[in-house]
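**Student:** Residue numbers (my numbering): 3 to 502. Starting off with a structure, shown below.
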């Protein structure tokens, strides 16, 4: 290898490019263009890194990560791409690597189409504007895709990748009854209507060797990769089937939503926000059977016999080892309430997480972990003052002022975007552009600080240590899932997945 000439060629093709049949961005075209550049310059190729079917916003691209590791280890002098957007459409990633880490690692970045080159200092503003425009493009595309998908859902078109258990996809957006799997669904409903519980139905299905939904998908040749590989039915799967309106001919979609196009985390939406369109395909279950099952499920809602309250952690605590829920150990005569993995009912056939855990220990742990997120806002003396002075009227005024400032912030943000658009389209000269940009950024920083201070002030009142309780509402609002693992080094492994 010749010093300072070791080149990493990076090629990326997203699903969007494939769907559009954009051959100008094809892997072959990118490779041909970049190899020609390498040959002209007399550089040496260290490796060629290819990510196919990956979005430019995805930070977990395997070849991309491998290339960055090689850069960090000093194996690469130049990273070469067709365009900066092939490297990433994420503004934060561009700043983190091209403008910071690559300098630290002594790596030069070059993209051919948009003439990005980190060895040219004056080129930096162009790279940053390109990065900003690439991210805006991705955001606009994401909004348009979401709107298109929502429109399809609202008219009853099925947009899922895989048909629900009991159905198969007639074409891309319609469902038809699967003659085999539909019989299993009817059996589940019939057993429940006869008085069988989830546990008993599970035992029947497992005893008969009926494939689980994920197993069945694989058996019929579907390219399905689910989180569970168990060949045993679970009570949760049975409950989900019994609650799914798809079996009476409705298309039920929009149950979940990603936080943003940059964040893959998915949040559950309230039932009132789901998109339900009736009479879109043939039902597997009759309406009378459906109504009978739903009536019985309502009667079976589990409540605490002594207090009549719904158990706060209902459907929140699961076993980290086998995925089944943790339930109260009714056989215990202790003054404490204990929880144990539900696999106990099958005499520990599928799980080795045998040790129970006290409910008050979990409550205490959740409470402490919850406060960690807000400890910086909690001040006892300040809270006492707020409790004396804070009123409903003040809260309404706060909300109104916060909404006004937030609206002003978004207007300024749109204004800054328009300035960038005008500059890129050469409608503004450099001096005017710099002055306008500086003005907008200053106003945005001021508004951002004001909003942050208002949030901090509101948090101080809202999350009072004295008044904060682990109520049903608190758990529903903030906890997605609690996972209980085995005991490691004398300490129980407990993982809390927060919604915020």
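Where a beta carbon is used, it is the ideal one built from N, C-alpha and C, also for glycine. As the structure is a computational prediction, the values presented were derived from the model and not from experiment.
1) Evaluate residue 299 with the Cβ neighbour count: other Cβ atoms within 10 Å of its Cβ, from every protein chain shown; 16 or more gives buried, anything less gives exposed.
2) Measuring CA to CA, which of 405, 364, 435, 429 is closest to residue 493?
3) If you reduce the DSSP assignment to three classes, tell me which class residue 343 lands in.
4) If contacts are defined as beta-carbon pairs under 8 angstroms, then residue 422 and residue 450 qualify, I think. What distance do you get, rounded to the angstrom?
5) From residue 283 to residue 251, what does the alpha carbon distance come to, in whole angstroms?
6) Using 10 angstroms around the beta-carbon of residue 92, count the other beta-carbons present and answer buried if the total reaches 16, otherwise exposed.
7) From residue 286 to residue 169, what distance separates their C-alpha atoms?
8) Curious, which full-length beta strand (DSSP E) runs of at least 3 residues does the region 69–142 contain?
9) Helix, strand or coil for residue 157, going by three-state DSSP, please let me know.
10) Could you tell me which uninterrupted beta strand (DSSP E) segments, each at least 3 residues in length, are contained entirely in the region 159–231, listed from first to last along the chain?
11) Can you tell me the Cα-Cα spacing of residue 413 and residue 138, whole angstroms?
12) Going by DSSP, which residues form a beta bridge with residue 328?
13) Considering only the alpha carbon of each residue, which of 41, 95, 38, 29 lies closest to residue 51?
14) Which word fits residue 289, buried or exposed, when buried means at least 16 other C-beta atoms lie within 10 angstroms of its C-beta?
15) Determine the closest residue to residue 452 out of 484, 418, 403, with distance taken between C-alpha atoms.
16) Tell me, please, whether the region 175–182 touches the region 193–212 by the rule of three or more beta-carbon pairs shorter than 8 angstroms.
17) Please tell me whether residue 254 and residue 158 are closer than 8 angstroms, where the distance is taken between their beta carbons.
18) Using C-beta distances below 7 angstroms, list every residue in its chain close to residue 78, excluding the 5 sequence neighbours before and after it, in chain order.
19) Give the secondary structure of residue 62 by DSSP, where H, G and I count as helix, E and B as strand, and everything else as coil.
20) Please list, in chain order, all residues of the same chain as residue 455 whose beta carbon is under 6 angstroms from its beta carbon, the five residues on each side excluded.
21) Could you pull the start and end residues of the beta strand (DSSP E) that residue 287 belongs to?
22) Per DSSP, what are the beta-bridge partners of residue 493 in this structure?
23) Can you grab the Cα-Cα spacing for the pair residue 432 / residue 448, in whole Å?
24) Please classify residue 271: is it buried, with 16 or more other beta-carbons within 10 angstroms of its beta-carbon, or exposed?
25) Among residues of its own chain, excluding the 5 on either side of residue 498, which ones have a beta-carbon nearer than 7 angstroms to its beta-carbon?
26) Please confirm if the region 32–43 is in contact with the region 84–91, defined as three or more CB-CB distances below 8 angstroms between the two stretches.
27) Can residue 134 and residue 99 be called in contact, C-beta distance under 8 angstroms?
28) Below 8 angstroms between beta carbons: does that hold for residue 326 and residue 201?
29) Under three-state DSSP, which class holds residue 428?
30) Measuring only the C-alpha atoms, how far is residue 106 from residue 347?
31) Specify the secondary structure class of residue 48 as computed by DSSP and reduced to three states.
32) Please classify residue 121 as buried or exposed, where buried requires at least 16 other C-beta atoms within 10 Å of its C-beta.
33) Classify residue 12 as helix, strand or coil using the three-state DSSP reduction.
34) Drop a sphere of 10 angstroms on the beta-carbon of residue 214, count the other beta-carbons inside from all chains shown, and report buried for 16 or more, exposed for fewer.
35) Please work out which residues of its chain come closer than 8 angstroms, Cβ to Cβ, to residue 115, disregarding the five sequence neighbours upstream and downstream, and give them in chain order.
**Tutor:** On the basis of the data shown:
1) Looking up residue 299 in the chain shown gives position 297. Exposed, since its Cβ has fewer than 16 Cβ neighbours within 10 Å.
2) Translated into positions along the chain shown, residue 493 becomes position 491. Comparing Cα-Cα distances from residue 493 to each of 405, 364, 435, 429, the minimum goes to 364.
3) By 1-based counting over the chain shown, the position of residue 343 is 341. Reduced to three states, the DSSP call for residue 343 is strand.
4) Against the chain shown, residue 422 aligns to sequence position 420. Against the chain shown, residue 450 aligns to sequence position 448. Contact flag wrong, Cβ pair sits at about 18 angstroms.
5) Numbered from 1 along the chain shown, position 281 holds the residue referred to as residue 283. Numbered from 1 along the chain shown, position 249 holds the residue referred to as residue 251. Cα to Cα, residue 283 sits roughly 5 angstroms from residue 251.
6) In the chain shown, the residue the question calls residue 92 occupies position 90. So residue 92 ends up on the buried side.
7) Within the chain shown, numbered from 1, the residue matching residue 286 stands at position 284. Within the chain shown, numbered from 1, the residue matching residue 169 stands at position 167. Cα to Cα, residue 286 sits roughly 9 angstroms from residue 169.
8) 80–83, 110–113
9) The residue you call residue 157 lines up with position 155 of the chain shown. It is coil, neither helix nor strand.
10) 169–173, 176–179
11) Locating residue 413 in the chain shown gives position 411, counting from the first residue. Locating residue 138 in the chain shown gives position 136, counting from the first residue. Each residue's alpha carbon lies about 16 angstroms from the other.
12) As a position in the chain shown, residue 328 is number 326, starting the count at 1. DSSP, once it has assigned bridges, lists 343 as partnering residue 328.
13) Sequence index remark: in the chain shown, residue 51 carries index 49 (1-based). Answer by Cα proximity: 29.
14) Walking along the chain shown from the start, residue 289 turns up at place 287. Classification of residue 289: exposed, given that the 10 Å Cβ count is below 16.
15) Taking the first residue of the chain shown as 1, we reach residue 452 at position 450. Closest by alpha carbon: 403.
16) They do not touch, by the three-pair rule.
17) Taking the first residue of the chain shown as 1, we reach residue 254 at position 252. Taking the first residue of the chain shown as 1, we reach residue 158 at position 156. Against a cut-off of 8 angstroms, the Cβ pair of residue 158 and residue 254 comes out as no contact.
18) On the chain shown, position 76 is the one that residue 78 refers to. Same-chain partners within the cutoff: 8, 10, 48, 72, 109.
19) By one-based count along the chain shown, residue 62 stands at place 60. Judged by DSSP in its simplified three-state form, residue 62 adopts coil rather than helix or strand.
20) What you label residue 455 is simply residue 453 of the chain shown in a count that begins at 1. Contacts found: none.
21) Counting from one through the chain shown, the residue named residue 287 turns up at place 285. Residue 287 -> no beta strand (DSSP E), and no H or E assigned at all.
22) To locate residue 493, count along the chain shown from 1; it is residue 491. Paired residues: 490.
23) Counted from its first residue, the chain shown places residue 432 at position 430. Counted from its first residue, the chain shown places residue 448 at position 446. The alpha-carbon atoms of residue 432 and residue 448 are separated by roughly 24 angstroms.
24) The residue given as residue 271 occupies position 269 in the chain shown. Under this definition residue 271 is an exposed residue.
25) As a working mapping, residue 498 is identified with position 496 in the chain shown. So the qualifying residues of the chain are 368, 371, 481, 484.
26) yes
27) Stepping through the chain shown from its first residue, residue 134 is reached at position 132. Stepping through the chain shown from its first residue, residue 99 is reached at position 97. No, these two residues do not count as a Cβ contact at 8 angstroms.
28) Residue numbering aside, residue 326 sits at position 324 when the chain shown is read from its first letter. Residue numbering aside, residue 201 sits at position 199 when the chain shown is read from its first letter. In this structure, residue 201 does not lie closer than 8 angstroms to residue 326 by Cβ.
29) Locating residue 428 in the chain shown gives position 426, where the first residue counts as 1. Correct three-state label for residue 428: coil.
30) The residue you call residue 106 lines up with position 104 of the chain shown. The residue you call residue 347 lines up with position 345 of the chain shown. Taking the straight line from one Cα to the other gives about 57 angstroms.
31) By one-based count along the chain shown, residue 48 stands at place 46. Correct three-state label for residue 48: strand.
32) Start at 1 with the first residue of the chain shown, and residue 121 comes out as number 119. Counting Cβ neighbours within 10 Å, residue 121 comes out exposed, since fewer than 16 surround it.
33) In the chain shown, counting from the first residue as 1, residue 12 sits at position 10. Of the three classes helix, strand and coil, the one that applies to residue 12 here is strand, per DSSP.
34) Along the chain shown, one-based indexing puts residue 214 at 212. Flag for residue 214 reads buried.
35) The residue labelled residue 115 in the question sits at position 113 within the chain shown. Taken in chain order, the residues that qualify are 84, 85.
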